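Undergrad:
Residue numbers (this note's numbering), protein chains in the order written: chain L, 38 to 388; chain W, 293 to 893.
So this is what it looks like as structure tokens:
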């Protein structure tokens with residue numbers, strides 16, 4: 038992964054968050070992705086969201102697999118530990134890290150090749166275990182680093198840069214996440230920051246595996262006519278059904294709740310995720326509605342965006358496992374080792 | 293000829309019939325009589341209906357390998373009767389179920405055949421079909437009590453302990469013991485010349501399998517994260533870890549778990565989870581077997597290059613490919629030592645019995661963390677799943693884990709700039725930091741080319757600088773590995789024998805027999821790779837060196853040839869690889885033949 042150290046520019050006008058950190062403190066190295074790459078917009082939204090939530094950088098871990106998408110953890114939160122793992126295996130590493138230390142805030146960045154081809158199994162199992170992480174798929178329908186092969190998310194009939202037509206069915210990570218029993222499944226467009234920043238904030242605070250599929254056009258290999266993941270195609274064919282807002286614990290939300298189109302979801306820490314329905318018939322807490330909606334828009338070749346499904350009551354990984362509260366890594370050795378007396382007692386049964 | 297406390301009982305049954313508990317009862321009874329025993333389970337990769345054998349060796353001398361002999365065969369499986377009969381040593385005994393007519397074609401003049409109508413007796417006594425099957429097994433234990441002078445009071449005590457919660461079962465089991473016992477007493481000349489006699493050689497010893505002992509090692513070493521994918525013969529390691537943690541690793545107030553076990557979707561994921569947990573600062577491990585090592589290899593190379601502690605237990609089974617999952621071999625030595633693509637080498641620990649599984653499990657975590665690298669514990673099915681007698685395990689309460697060079701919050705606050713891969717101490721081991729500590733400790737872990745500062749690189753010198761430093765670390769590792777165990781013969785000799793792992797018992801017994809005939813060999817048992825100086829010294833000081841491997845290709849011999857300066861012509865390979873644990877007579881025969889031939893020449 039290439040990266041260039043980015044000079045940090047501070048000026049007096051920069052606002053500070055409750056930790057006294059400015060947005061510059063949430064940036065990373067300079068991106069070496071192609072100019073105009075959708076992934077860089079996602080990076081910017083991540084920086085904004087983490088700054089707004091006032092996450093302690095050292096409390097965040099950012100992990101990825103292999104591919105263009107997986108380079109991006111180098112481009113934000115330079116004060117956080119990063120882990121650029123092997124291809125398609127980011128979820129396993131995230132599982133292990135969170136098993137060890139459940140207090141970490143985990144951001145997984147993957148791509149359509151990384152999560153829907155080589156790592157489809159790991160994606161599925163992170164979702165069904167409801168691992169408490171933000172799982173972003175930077176989805177451009179194409180393998181960029183190896184110069185333009187179709188990925189598993191390429192739509193049937195879409196055209197590659199040099200004219201080849203994709204004949205295989207595409208995998209929709211949002212539909213997959215819902216059917217896998219996922220607790221948070223959303224889609225956004227990298228070109229729509231107003232949608233993406235609050236969605237990332239909601240995903241970060243969601244107590245479980247928050248999957249956000251971000252359509253992120255590849256300017257080099259998949260931004261031509263005939264591509265269904267180009268900027269032009271996405272702009273003209275995307276349809277938002279639910280806009281998400283994130284309301285921190287301190288901020289009152291009563292006024293907004295009067296609006297009949299609001300679905301507030303209160304989290305255990307007192308904050309609220311507010312789902313604002315732009316499609317009045319949409320019910321974001323119902324799997325059946327979500328799947329029907331996805332299918333309806335797919336038939337029309339529309340890209341449906343928003344938080345399609347959310348269930349904050351589903352037990353997350355550690356609740357299911359019954360692990361003690363707090364990080365296992367914080368336990369003293371005395372709390373882990375039973376001592377010789379116990380060893381002797383236990384061996385009475387081995388005679 | 294009388295054989296007191298020196299015999300092999302082999303029981304042939306069908307799996308899924310409950311014979312395991314009868315066999316364990318028999319072995320435990322001998323153990324409680326103070327007689328050294330080992331139990332080896334030869335089982336099919338199947339749940340119900342296929343032949344299975346259990347072999348108990350009692351040895352007053354304490355030998356614990358297979359001897360290649362069968363003194364008492366309990367032939368409960370008509371399907372394998374012919375084969376079982378053929379296996380009995382001349383002068384030995386065979387018990388068969390005489391409820392049905394025996395195939396007269398299958399007879400041997402040199403074996404005593406003892407017919408006992410086991411099925412008929414239990415069918416008369418018990419109504420329930422399942423109970424009948426179970427009690428038939430208990431009844432042969434009863435018969436053996438009479439035939440081999442096994443203390444029935446000990447058997448009774450064992451049954452009472454086993455069924456403490458269900459006293460009714462004690463009575464029905466004792467009844468079955470009585471049935472077998474009385475029949476044998478009435479019809480045969482009890483006890484036979486091969487028999488048990490109380491002794492006091494098992495005081496302060498326990499019976500345990502290697503996987504349980506390794507699990508205890510993980511528990512006591514403070515491992516908190518275990519990730520795994522079920523695979524024979526490693527599964528019982530995680531089962532035991534879970535069992536012991538449930539008893540001993542709970543929050544006293546809330547009863548919540550102070551450990552996290554993840555059953556992964558496959559071995560690739562299990563390895564990734566171990567790396568993630570190790571990177572985040574936990575002691576993490578995975579138990580697996582050969583096919584799992586193949587799948588984990590990409591992550592193993594990643595851990596080597598990015599310097600993440602991880603412990604891999606490989607309970608070896610027969611390869612290649614799926615091989616024979618329920619048979620034993622030492623066939624993953626090379627695979628573990630060099631796992632993954634690119635230039636990679638890994639520390640490998642080689643326990644010889646469950647006691648060392650416990651000890652070396654703890655060592656593995658200390659080494660993995662202090663060296664910041666994946667460490668293998670190479671056990672095998674024979675050690676892992678069979679019942680071994682070992683001295684009671686003890687724990688030093690003053691032990692504290694060696695976490696290696698980890699910068700804590702205080703250290704990071706004082707540091708100017710943290711560089712992940714900088715060798716500041718000259719031992720090839722850089723300092724590391726774990727997430728959640730301090731922003732100054734942040735770094736980017738990458739399997740792609742990186743320089744000593746942790747930054748991405750495609751620069752020729754910066755890349756080579758890091759991989760050369762890893763060689764410095766390898767030399768540090770070499771000095772920290774557990775030393776081999778040297779057993780000198782009573783007379784000076786230029787002949788030596790090298791073995792490792794579960795071959796130890798067979799080698800020890802063979803050497804005693806050879807020494808009794810005037811053939812002396814020094815014995816070095818290797819306990820770890822990379823090889824320490826004591827291995828070089830042994831290779832230099834012996835002219836003829838036998839190398840014992842339980843694999844076809846002589847992997848330890850290859851490894852010695854690759855990693856030391858030894859003249860390969862001085863190494864003679866002894867190999868056993870049919871899936872059965874290596875018997876002592878194989879080593880005895882081969883060494884004797886070769887040394888005798890050389891003496892003539």
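Glycine residues also receive a C-beta, built at the ideal position from the N, C-alpha and C atoms.
A quick note: this is a predicted structure, and the numbers were derived from the prediction, not measured.
Which residue marks the beginning of the alpha helix (DSSP H) containing residue 376 of chain W, and which one marks its end?
TA: Taken as a continuous stretch (DSSP letters only), the alpha helix (DSSP H) holding residue 376 of chain W covers 373-379.
Undergrad: Report buried or exposed for residue 318 of chain L, applying the criterion of at least 16 other Cβ atoms within 10 angstroms of its Cβ.
TA: Its Cβ having fewer than 16 others within 10 Å, residue 318 of chain L is exposed.
Undergrad: Does DSSP classify residue 208 of chain L as helix, strand or coil?
TA: Three-state DSSP puts residue 208 of chain L in coil, outside helix and strand.
Undergrad: Just to make sure I have the definition right: I need the residues of chain W whose C-beta is within less than 9 Å of the C-beta of residue 138 of chain L. Which are they?
TA: In chain order: 569, 572, 573, 574, 726, 727, 728.
Undergrad: Near residue 472 of chain W, what residues of its chain come up, given a Cβ to Cβ distance below 8 Å and the 5 sequence neighbours on each side ignored?
TA: Excluding sequence neighbours, residue 472 of chain W sits near 408, 410, 413, 430, 431, 432, 433, 434, 435, 436, 437, 438.
Undergrad: For residue 624 of chain W, which option in W:401, W:344, W:481, W:845 has the closest C-alpha, if you only look at C-alpha atoms?
TA: Checking every option, the nearest Cα to that of residue 624 of chain W belongs to W:845.
Undergrad: Between the region 208-223 of chain L and the region 184-195 of chain L, can you find at least three pairs of beta-carbon atoms closer than 8 Å?
TA: Yes, they touch.
Undergrad: Taking the C-alpha atoms as reference points, what is the distance between residue 370 of chain L and residue 512 of chain W?
TA: The alpha-carbon atoms of residue 370 of chain L and residue 512 of chain W are separated by roughly 9 Å.
Undergrad: I need the DSSP call for residue 869 of chain W, collapsed to helix, strand or coil.
TA: Coil at residue 869 of chain W, not helix or strand.
Undergrad: In the DSSP assignment, find the beta strand (DSSP E) that holds residue 683 of chain W and state where it starts and stops.
TA: Per DSSP, residue 683 of chain W belongs to the beta strand (DSSP E) from 680-683.
Undergrad: Using 9 Å as the limit for Cβ to Cβ distance, is residue 133 of chain L near chain W?
TA: Interface residue, yes.
Undergrad: Counting contacts by CB-CB distance shorter than 9 Å, is residue 693 of chain W in contact with chain L?
TA: Chain L, which has a Cβ nearer than 9 Å to the Cβ of residue 693 of chain W, makes this yes.
Undergrad: Could you check if residue 382 of chain W is buried or exposed, using at least 16 other CB atoms within 10 Å of its CB as the buried criterion?
TA: Counting Cβ neighbours within 10 Å, residue 382 of chain W comes out exposed, since fewer than 16 surround it.
Undergrad: Over what stretch of residues does the alpha helix (DSSP H) that includes residue 428 of chain W continue unbroken?
TA: From DSSP, the alpha helix (DSSP H) with residue 428 of chain W extends over 421-440.
Undergrad: Could you work out which residue in W:552, W:590, W:585 is closest to residue 574 of chain W when comparing CA atoms only?
TA: When each option's Cα is compared against that of residue 574 of chain W, the closest is W:552.
Undergrad: List the endpoints of the continuous alpha helix (DSSP H) containing residue 464 of chain W.
TA: Counting along the chain, the alpha helix (DSSP H) containing residue 464 of chain W begins and ends at 459-479.
Undergrad: In angstroms, rounded to a whole number, what distance separates the CA positions of residue 796 of chain W and residue 812 of chain W?
TA: Cα to Cα, the separation comes out at about 17 Å.
Undergrad: Since residue 335 of chain W contacts residue 369 of chain W with CB under 8 Å, what's their CB separation in whole angstroms?
TA: With a Cβ gap of about 13 Å, residue 335 of chain W and residue 369 of chain W do not count as contacting.
Undergrad: Look at the Cβ atom of residue 345 of chain W, then the Cβ atom of residue 501 of chain W, and state whether they are nearer than 9 Å.
TA: Cβ distance not < 9 Å, so residue 345 of chain W and residue 501 of chain W don't count as in contact.
Undergrad: With DSSP run on the structure shown, which of helix, strand or coil describes residue 731 of chain W?
TA: Note: residue 731 of chain W maps to helix in three-state DSSP.
Undergrad: Using a Cβ-Cβ cutoff of less than 6 Å, which residues in the same chain neighbour residue 499 of chain W once the five nearest sequence positions on both sides are dropped?
TA: Around residue 499 of chain W: 323, 679, 681.
Undergrad: For the beta strand (DSSP E) that contains residue 674 of chain W, what are its first and last residues?
TA: Where residue 674 of chain W is concerned, there is no enclosing beta strand (DSSP E), although the alpha helix (DSSP H) it sits in stretches over 673-677.
Undergrad: Is the region 692-701 of chain W in contact with the region 656-664 of chain W, if contact means three or more CB pairs nearer than 8 Å?
TA: Enough Cβ pairs lie closer than 8 Å, so yes.
Undergrad: In the DSSP assignment, find the unbroken alpha helix (DSSP H) run with residue 702 of chain W in it and report its ends.
TA: Here the alpha helix (DSSP H) through residue 702 of chain W covers 701-706.
Undergrad: Report all residues from its chain with a CB closer than 7 Å to the CB of residue 630 of chain W; omit the five preceding and five following residues, and keep chain order.
TA: So the qualifying residues of the chain are 636, 637.
Undergrad: Name the residue from W:759, W:734, W:751 whose alpha carbon lies nearest to the alpha carbon of residue 721 of chain W.
TA: Among W:759, W:734, W:751, the Cα nearest to that of residue 721 of chain W is on W:759.
Undergrad: Out of L:387, L:69, L:223, which has the shortest C-alpha to C-alpha gap to residue 497 of chain W?
TA: Selected option, being the one with the closest Cα: L:387.
Undergrad: Let's see if you can read the secondary structure: which residues bound the beta strand (DSSP E) around residue 318 of chain W?
TA: Note, residue 318 of chain W: premise wrong, no beta strand (DSSP E); alpha helix (DSSP H) at 311-324.
Undergrad: On the DSSP bridge assignment, give the partners of residue 553 of chain W in chain order.
TA: W:518, per the DSSP bridge assignment.
Undergrad: Please list the terminal residues of the continuous alpha helix (DSSP H) segment that includes residue 883 of chain W.
TA: Where residue 883 of chain W is concerned, the enclosing alpha helix (DSSP H) stretches over 876-892.
Undergrad: With a floor of 4 residues, list each alpha helix (DSSP H) that falls wholly inside the region 331-357 of chain W, ordered by position along the chain.
TA: As far as the region 331-357 of chain W is concerned, it has no whole alpha helix (DSSP H) run of at least 4 residues.
Undergrad: Rounded to a whole number of angstroms, what is the C-alpha to C-alpha distance between residue 335 of chain L and residue 150 of chain L?
TA: About 21 Å.
Undergrad: Could you have a look at residue 356 of chain L and say whether DSSP puts it in helix, strand or coil?
TA: Three-state DSSP puts residue 356 of chain L in a helix.
Undergrad: Under 8 Å, with one C-beta from each stretch per pair, do the region 252-267 of chain L and the region 59-76 of chain L reach the 3-pair mark?
TA: Flag = yes, the region 252-267 of chain L and the region 59-76 of chain L touch.
Undergrad: How about residue 487 of chain W and residue 469 of chain W: do their beta carbons lie closer than 9 Å?
TA: No, these two residues do not count as a Cβ contact at 9 Å.
Undergrad: Is the Cβ of residue 53 of chain L closer than 9 Å to any Cβ of chain W?
TA: It does not: the Cβ of residue 53 of chain L has no partner Cβ on chain W nearer than 9 Å.
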